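Student:
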Amino acid sequence: MSLSVESPATRPAMLLRRRIAAYFVGGVDAVPTLVGALAQRGHLVHELSVDIRDGVRESSMVCTILLPSDETEHLLAHLRELPAVVSAELV
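Residue numbers (this note's numbering): 127 to 217.
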């Protein structure tokens with residue numbers, strides 16, 4: 127006689143709203159790359175604002191996205207690897 131034990135179904139990770147800020151150089155030309163980095167990973171962007179000012183070296187992008195809590199640092203690290211990004215952090 128064999129006994130089988132069913133393991134509980136794996137639950138999908140709970141999605142949390144995270145507010146992310148990325149500071150970047152390159153002005154408006156860098157925005158599609160930043161937004162594309164979020165979209166290619168399948169993150170749902172709920173809010174997005176970009177601040178680009180003439181004569182200022184760094185611009186900023188702030189967005190609110192839904193993602194599992196265990197992916198937050200991975201996403202920030204991915205953004206930091208982009209050539210235009212100076213820094214990325216939770217806000």
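A virtual CB, placed ideally from N, CA and C, is assigned to each residue, including glycine.
As the structure is a prediction and not an experimental result, all values here were calculated from the model.
The ligand ATP heavy atoms versus the CB of residue 199: any closer than 7 angstroms?
Tutor: Of ligands this structure carries none, so the ligand ATP is not represented either.
Student: Just to confirm the assignment, what range does the beta strand (DSSP E) spanning residue 172 have?
Tutor: Mapped onto the sequence shown, residue 172 falls at position 46. Start and end: 170-177.
Student: What residue from 180, 160, 177 and 174 has the CA that sits closest to residue 203's CA?
Tutor: Numbered from 1 along the sequence shown, position 77 holds the residue referred to as residue 203. The shortest C-alpha separation from residue 203 is found at 160.
Student: Alpha carbon to alpha carbon, how far is residue 162 from residue 145?
Tutor: Position 36 of the sequence shown, counted from the first residue, corresponds to residue 162. Position 19 of the sequence shown, counted from the first residue, corresponds to residue 145. Roughly 17 angstroms separates the two Cα atoms.
Student: Exposed or buried, which one is residue 214 when buried takes at least 16 other CB atoms within 10 Å?
Tutor: The sequence position of residue 214 within the sequence shown is 88, counting from 1. Label assigned to residue 214: buried.
Student: Do residue 188 and residue 157 have their C-beta atoms within less than 8 angstroms of each other?
Tutor: Along the sequence shown, one-based indexing puts residue 188 at 62. Along the sequence shown, one-based indexing puts residue 157 at 31. For residue 188 and residue 157, no; Cβs fall outside 8 angstroms.
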